Amino acid sequence: MALPEVKQTATEARLSAMSLPDAGCTRAAREDALARVREMGLPGRRDEYWKYTRPDTLVSPDVTPAEVFASDEPVMFDGFDRLKIVFVDGVFDADASDDLSMEGVTIDRIEDICCKDIHWAKELYGVLEARGQQPVQRPLAALNTAFARDGVAIHVTGKPSRPISLIYRHGSETSDAMLHHIIRVESGAEVTILENGPAASRFNKCMEIDVADGGVLHHVRAQGRDHQRRAATHMFTRLGAASVYKSFTLTVNGVLTRNEQVVELTGDDAVAHVAGACVGDGDFHHDDTVFITHDAVNCESRQVFKKVLRNGATGVFQGKILVKAGAQKTDGYQISQSLLLDDDSQFLAKPELEIYADDVACSHGSTSGAIDDTALFYLRSRGVPVKEATNMLTLAFLAEAVDEIEDQSLASDIVTRLEGWLARRS
Amino acid sequence: MAALDQTQVKEGVDQETVDAVREVGTYKYGWDTDIEMEYAPKGVGPDIVRLISEKNEEPEWMTEWRLAAFDRWSQIEEPKWAMVNYPEIDFQDQYYYARPKSMEEKPKSLDEVDPKLLATYEKLGIPLKEQMILAGVDGAEEAPAEGRKVAVDAVFDSVSVGTTFQAELKKAGVIFCSISEAIREHPELVRKYLGSVVPVSDNFYATLNSAVFSDGSFVYVPPGVRCPMELSTYFRINAENTGQFERTLIIADKGSYVSYLEGCTAPQRDTAQLHAAVVEIIVEEDAEVKYSTVQNWFPGDENGKGGIYNFVTKRADCRGDRSKVMWTQVETGSAVTWKYPSCILRGNESQGEFYSIAITNNYQQADTGTKMVHLGKNTKSRIVSKGISAGKAQNTYRGLVSMHPKAKDSRNYTQCDSLLIGDKCGAHTVPYIEVKNNSSRVEHEATTSKVDDDQLFYCRQRGMDEEEAVALVVNGFCKDVLQALPMEFAMEAQQLVAISLEGSVG
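Protein sequence lines correspond, in order, to chains A and B. The opening position of the first sequence corresponds to residue 36 in our numbering, with each subsequent residue numbered one higher. The opening position of the second sequence corresponds to residue 296 in our numbering, with each subsequent residue numbered one higher.
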């Protein structure tokens, strides 16, 4: 079907300002991705999948400038022994980064893949993104596959001793960054990936993660505090038998954030947990869009999303569990909750289930409301001042999402961030 | 059921059980009445719209209203977002108007009504008292009714064939008649309210209905009146290749109360038939309306052949403060269902409730749910939806709960449960939740599960066969909704649950 004219014009306007990188062996994947973008068109206001989030500023050829924010907080994950990979405005910074060699893992830059002719990388680049275009289209991810110039290819073959930390720094007020990472976790291997920082004024990130049978991947992300930045991120994950994927995202501020997680459980007994905590104030729009497909027996998936909103902030949750025919014994759980601290904020949710197998236990819940007066009264009657009591209840509300992080020290780092936000706001 | 006819009945099973199972095994209402019909030419266009209007002896403003709707309809496209698949409908290959020939001259009394028609209603099990009236027996109106009284408006294909208890209702000031009669007799009410809840251009099917609706029911309950009996409309599609487009308008004026029941059946045919109805309910201050539906249109055979395509727009507007509306639906029929009875909670402290059981078996597809739009302060809504999917059927709950910024201190509770019987069917949930103030609370829960093996084992152990056991468990699963139905409907619905799942196990 031909695209509506408005959409086609918008898409071509964006594409005309871009050129495909001459990227050797990923060239074919990039050309395919470009064809996909042309076929789907970039998202528009009338798209059902963008019902609650306006994609205009993510799509337009021009970047809305965003001030670089100077934080006085200690750097995220600073106390951890980790392998640092730094990108400034979406470009790899070798000086700021650590030596990329570590036992149990091979790390290459995307632009090196073609020269080195790395098999696994060629077989993954753009592949999971293309798979993730069905049944819902994600044109911004295809745009990323086609045009991203930087990123890393991480091949995990053992159990590296340190987490791999991707650090995104924001340098220029008009930066428009695209990063594409691919990660392959081999059978029995285990790795922790950390991500933090605001990246750029406009950031489009795509991550393709392939976890082989028995592999384990932990992912903890903190999206930077820059208030004016805009970001659209996609994570495409394919899970083999008995593999484990656990992802947690913290978002404090950002004028527009759209985080998409597309997870496919293709091997029996696989486990996927996707969680997020976001706290937003004022001109803040945060969108978590999750699509989990169960295509094997006895798999487990969990989605836990918590949002605290105030001063007109908007929180969006679109989550879906698709259980394909034959994916028996599936255990699917999804919860999305919002705490609205005042009357101007809003929460928009679309928690979906699509189920084609009978022997499953799937449930979802979604709630929205203010701080519980009874709980507040309880605390106050015991001498806790109202501000402190509110903060305490807010943290308790977010705890269920934070608890999804297995590493306790990482979790406490996240809680520190949340406490910082509450302290600034109260 | 042929299989059952051939099986040797085991010793110890009494004949009554066998007969009962045999009876419920088939679509009971699948026969058709051989009656002489008068059709308008096939297809739809301004001429047909004018013809329908003319047949109903409508005033000019009504004809214009219809034509404007038709004009709008020609410009809009059929919606494709629902999770239902069906072959392209050729809207020009349908009859838009069919009525029994005996109705050509409006019968002065009901005994002029074709006896075959009355026999049809007898077969459908419409209570005897009404039959006497439909048959025009002298003094029937005065005769004491057996048990609880229910006034019935019967719609056969495109026209209303008779309304019972009209005199008694009149005494109470309640107007209950066919919509065509209301357009003639009470134009001021119809003009004021028609299209005020479901606007002409609301959606594709509602717009088509606005252009070609042929009949339906009209209810007006004056201020402060508690309607003395339950009102009921019985819809029957009989003619082949005929679309039924009925329009129902219910107005509950200040402080009034009415309970309204709707039932539908259709003959068993190979070709799919179209049904696109619109129901509008206006609830004024302190008024309450209960609307219960048992939808049992022909669902198609076990191979997915035939059946009714049911595209219905139902909406209630709680305009006044403290008004209340309750939708209860049992959806067991139709090949394709597309139906979202909604509540606009405009008045402060108004309440909307939605209780639904949707059962799909064989190749049936249902995409149904509700919309609760909270506009007024302190408004409350409750949604309980039970979807049961068996065979190769697809069952979707699609709903919206919207709390507008001004709807302070409002409350919603939603519970949608799905039950899957067999591994070839699907159950889906697509809720939209929009909360735009913080004093309101919204809770949504959904679960999907299969019939519990332990429960089945327990029932089997006590001598029930598998089908009976499943029916019992499913009835338990639906309990919350069945309890919300008026007595007569609850009994019928319970039996329907068993019938609809016939052949789904084993």
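For glycine and all other residues, C-beta sits at the position ideal for the given N, C-alpha and C. No experiment lies behind these values; they were computed from the predicted model shown.
Item: With a threshold of 16 other CB atoms inside 10 Å of the CB of residue 739 of chain B, please say whether the residue is buried or exposed.; Value: buried
Item: Sort A:141, A:185, A:295 and A:281 by Cα distance to residue 31 of chain A and report the nearest one.; Value: With chain A covering only 36 through 461, there is no way to say anything about residue 31 of chain A.
Item: Tell me the DSSP bridge mates of residue 254 of chain A?; Value: A:228 and A:282
Item: Nearest to residue 694 of chain B by alpha carbon, out of A:387, A:254 and A:309?; Value: A:387
Item: Am I right that residue 299 of chain A and residue 330 of chain A are in contact with their C-beta atoms under 8 Å? What's the rounded C-beta distance?; Value: 6 Å
Item: Pick from B:707, B:384, B:363 and B:592: whose alpha carbon is nearest that of residue 372 of chain B?; Value: B:384
Item: Tell me the rounded alpha-carbon separation between residue 302 of chain A and residue 341 of chain A.; Value: 29 Å
Item: Which residue's Cα is closest to the Cα of residue 100 of chain A: A:261, A:348 and A:403?; Value: A:261
Item: Short check: CB of residue 609 of chain B to CB of residue 579 of chain B, under 8 Å?; Value: no
Item: Secondary structure at residue 730 of chain B, three-state DSSP: helix, strand or coil?; Value: strand
Item: Answer with buried or exposed for residue 356 of chain B, where buried requires no fewer than 16 other C-beta atoms within 10 angstroms of its C-beta.; Value: exposed
Item: Distance cutoff 8 Å, beta carbons only. Does residue 78 of chain A sit that close to anything in chain B?; Value: no
Item: Among the candidates A:319, A:220 and A:56, whose CA atom is the shortest distance from the CA of residue 288 of chain A?; Value: A:319
Item: Within a Cβ cutoff of 7 Å, which residues of the same chain sit near residue 41 of chain A, ignoring the five residues on either side of it in sequence?; Value: 79
Item: Please give me, in chain order, every unbroken run of the beta strand (DSSP E) with length at least 3 that falls completely inside the region 629-684 of chain B.; Value: 631-634, 637-640, 646-655, 660-663 and 666-669
Item: Among A:433, A:398, A:374 and A:438, which residue has its Cα nearest to the Cα of residue 408 of chain A?; Value: A:374
Item: Hey, residue 732 of chain B and residue 700 of chain B: beta-carbon distance below 8 Å or not?; Value: yes
Item: Where does residue 360 of chain B fall in DSSP's three states?; Value: helix
Item: If we define contact as Cβ-Cβ less than 8 Å, is residue 375 of chain A a contact residue for chain B?; Value: yes
Item: Residue ranges of each beta strand (DSSP E) run of no fewer than 3 residues wholly in the region 518-547 of chain B, ordered along the chain?; Value: 525-531 and 542-547
Item: Excluding sequence positions up to five away, which residues of its chain have a Cβ less than 6 Å from the Cβ of residue 90 of chain A?; Value: 78
Item: For the region 390-416 of chain A, list every residue whose C-beta sits within 7 Å of some C-beta in chain B, in sequence order.; Value: 390, 391, 392, 393, 394, 395, 396, 397, 398, 399, 400, 401, 402, 403, 404 and 405
Item: Count the other C-beta atoms from every protein chain shown that fall within 10 angstroms of the C-beta of residue 317 of chain B, then say buried if there are 16 or more, exposed otherwise.; Value: With a pLDDT of only 47 at residue 317 of chain B, under 50, the local geometry of the prediction cannot be trusted, and the value read off the model is given with reservation. Per the 10 Å Cβ criterion, exposed.
Item: Write down the C-beta distance between residue 266 of chain A and residue 234 of chain A rounded to the nearest angstrom, noting that I regard them as a contact closer than 8 Å.; Value: 7 Å
Item: Roughly how many angstroms lie between the CA atoms of residue 410 of chain A and residue 428 of chain A, to the nearest whole one?; Value: 8 Å
Item: Are the C-beta atoms of residue 387 of chain A and some chain B residue less than 8 Å apart?; Value: yes
Item: Are the Cβ atoms of residue 362 of chain A and residue 332 of chain A separated by less than 8 Å?; Value: yes
Item: Chain B partners of residue 128 of chain A, CB-CB under 7 Å?; Value: Chain B residues near residue 128 of chain A: none, gap ~42 Å exceeds 7 Å.
Item: Would residue 443 of chain A be called buried (16 or more neighbouring beta carbons within 10 Å of its own) or exposed?; Value: exposed
Item: Provide the residue span of the alpha helix (DSSP H) that contains residue 111 of chain A, from first to last.; Value: Careful: residue 111 of chain A lies outside any alpha helix (DSSP H) and carries neither H nor E.
Item: Taking any Cβ of chain C, which residues in the region 725-750 of chain B have a Cβ under 8 Å from it, in chain order?; Value: The displayed structure is made up of protein chains A and B, and chain C is not among them.
Item: Since residue 648 of chain B contacts residue 698 of chain B with CB under 8 Å, what's their CB separation in whole angstroms?; Value: Wrong, their Cβ atoms sit about 17 Å apart, outside the cutoff.
Item: What does the alpha-carbon distance come out to for the pair residue 491 of chain B and residue 485 of chain B?; Value: 10 Å
Item: Verify the CB distance criterion: does residue 319 of chain A have a CB-CB separation below 8 Å to chain B?; Value: no
Item: Shorter than 8 Å from the beta carbon of residue 717 of chain B to some beta carbon of chain A?; Value: yes
Item: Going by the beta-carbon positions, is the gap between residue 624 of chain B and residue 655 of chain B smaller than 8 Å?; Value: no
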